[in-house]
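Report on the following structure.
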Amino acid sequence: MAQEGTPVSRRLSTVKNIIIVLSGKGGVGKSSVSTQLALNLHASSPTARVGILDVDLTGPSIPRMLGVDGQGVHQSSDGWVPVYADGSAARLACMSVGFLLKNKGDSVVWRGPKKNGMIRQFLSDVRWGDLDYLVIDTPPGTSDEHLSLLEHMAPIHSRLSAVIVTTPQAVALMDAMKCLSFTRAVNLPVLGLIENMSGYVCPCCGEISNVFSTGGGEEMARKEGLTFLGSLPVDTELVTLLDGGSPEGGESGELVTRYPDTPSAKLFKGILDVILRRLAEAPSS
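And the structure:
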């Protein structure tokens, strides 16, 4: 168990809030929600400093979504320098194992101890600097990576909180319940639950149609006493941007500047307001 004064606790001493994004199963859009959360926090203030750490070690997707795929991290006298998705402004930092692979198509075939070591290095060696928020995108389920995170960050547990992502379908909700059970077992505060892929945004008129079931996440939140943060529909414009393109055929890597004009950004603003309110209500460390 990590102790006070460890490299991890010292490195993260300048990070005010750490938000761990969880999902019970894959395919619910957890990484896209993590990316949107980081982008909205970045846009919440002209001085906000945000980091996003991708600990989905076997399926790193954050670099591609932020449009910084193919870039590398550099070693400095004070540790690894993260990649900045907002260029010279340097207020949106990103770290992922994807930056460390020789080829982005290479698989990561690691046992638990090596995963644990990589997470410890991410937490202790990355030169995050002063951050208002650190968003951590985790793998689906509850596994070694989650336990390693909480073990290494035990001394700063009071600054940790979680957001759970699900889709409206019954199978996803069942797995989200297991995720919630995990947070309760490890005493990790939950800011709330997001229902992703709740409907579909028409690219022509902007109308939201309930192609899939909807409302399951809100009902689960009500039953379990969670804050329901909001619903996010499938947004084809956002999907195109996350894939590294643009609707008009422009250059890739435009997410930071183009995201605010998407329907999803407008909806996520309401979600962010609730998250910030919940963080403000949390007991001080």
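With UniProt numbering applied, the sequence shown closes on residue 285, and no number is skipped along the way. Cβ atoms here follow ideal geometry from the backbone N, Cα and C, with glycine treated the same way. These numbers were taken from a predicted model, which means no experiment stands behind them.
* To do: Please work out which residues of its chain come closer than 7 Å, Cβ to Cβ, to E251, disregarding the five sequence neighbours upstream and downstream, and give them in chain order.
  => Confidence is the limiting factor: at E251 the pLDDT is only 44, short of 50, which leaves the residue's position unreliable, though a coordinate-based value still follows. Setting aside the 5 residues that flank it on each side, E251 has no residue in the same chain whose C-beta is closer than 7 Å to its C-beta.
* Could you tell me which of S143, M177, A170, V186 sits nearest to L57, measuring between CA atoms? => Checked all of S143, M177, A170, V186; the closest Cα to L57 is S143.
* For my contact list, P168 and E195 are in at a C-beta cut-off of 8 Å; report their separation, rounded to the angstrom. => With a Cβ gap of about 6 Å, P168 and E195 count as contacting.
* Helix, strand or coil for T58 per DSSP? -> The answer is coil: DSSP assigns T58 none of H, G, I, E or B.
* Return the residue from the list T240, A176, L241, D243 that minimises the CA-CA distance to E218. => Measuring from the Cα of E218, the nearest candidate turns out to be A176.
* Asked: Out of G112, S31, K102, which has the shortest C-alpha to C-alpha gap to R64?
  -> Cα-wise, what sits closest to R64 is S31.
* Looking only at C-alpha atoms, which of R278, Q71, G98 sits nearest to G87? -> Ranked by Cα distance from G87, the options R278, Q71, G98 are led by Q71.
* Starting from G117, trace the alpha helix (DSSP H) both ways and give me its first and last residue. => From DSSP, the alpha helix (DSSP H) with G117 extends over 112–125.
* Asked: By a C-beta neighbour count over all protein chains shown, 10 Å radius and 16 as the cutoff for buried, is H152 buried or exposed?
  -> Its Cβ being crowded by 16 or more others within 10 Å, H152 is buried.
* **Neighbourhood of P60 by C-beta distance below 6 Å, restricted to the same chain and skipping five residues each side** => Same-chain partners within the cutoff: D54, S96, V97, G98.
* Return the Cβ separation of L229 and L180 in integer angstroms, given the expectation that the two are a contact with Cβ distance under 8 Å. => No, L229 and L180 are not in contact; Cβ-Cβ is about 14 Å, not under 8 Å.
* Complete runs of the beta strand (DSSP E) confined to the region 31–105 [at least 3 residues] -> Qualifying beta strand (DSSP E) stretches, in chain order: 50–54, 74–76, 79–81, 92–96.
* To do: Would you grab the beta carbon distance between I164 and I18 for me? Rounded to a whole angstrom, and I think it's under 8 Å.
  => A Cβ-Cβ separation of about 15 Å leaves I164 out of contact with I18 under the 8 Å criterion.
* **Buried versus exposed, by CB contacts within 10 Å (16 or more), M174** => Classified as exposed, M174 has fewer than 16 neighbouring CB atoms from the shown chains inside 10 Å of its CB.
* **Start and end residues, alpha helix (DSSP H) containing V21** => Per DSSP, V21 lies in no alpha helix (DSSP H); the unbroken beta strand (DSSP E) holding it starts and ends at 15–23.
* To do: Let me know if Q75 comes out buried or exposed under the rule of 16 or more other beta-carbons within 10 Å of its beta-carbon.
  => Counting the other Cβ atoms within 10 Å of the Cβ of Q75 gives fewer than 16, which makes it exposed.
* State the Cα-Cα distance for the pair K223 and A172, rounded to the nearest angstrom. => K223 and A172 have their C-alpha atoms some 16 Å from each other.
* To do: Mark N103 as exposed unless 16 or more other C-beta atoms lie within 10 angstroms of its C-beta, in which case mark it buried.
  => Exposed is the call here.
* Asked: CB-CB under 8 Å to K269, same chain, minus the five flanking residues each way: which ones, in chain order?
  -> So the list reads N40, once near-sequence residues are dropped.
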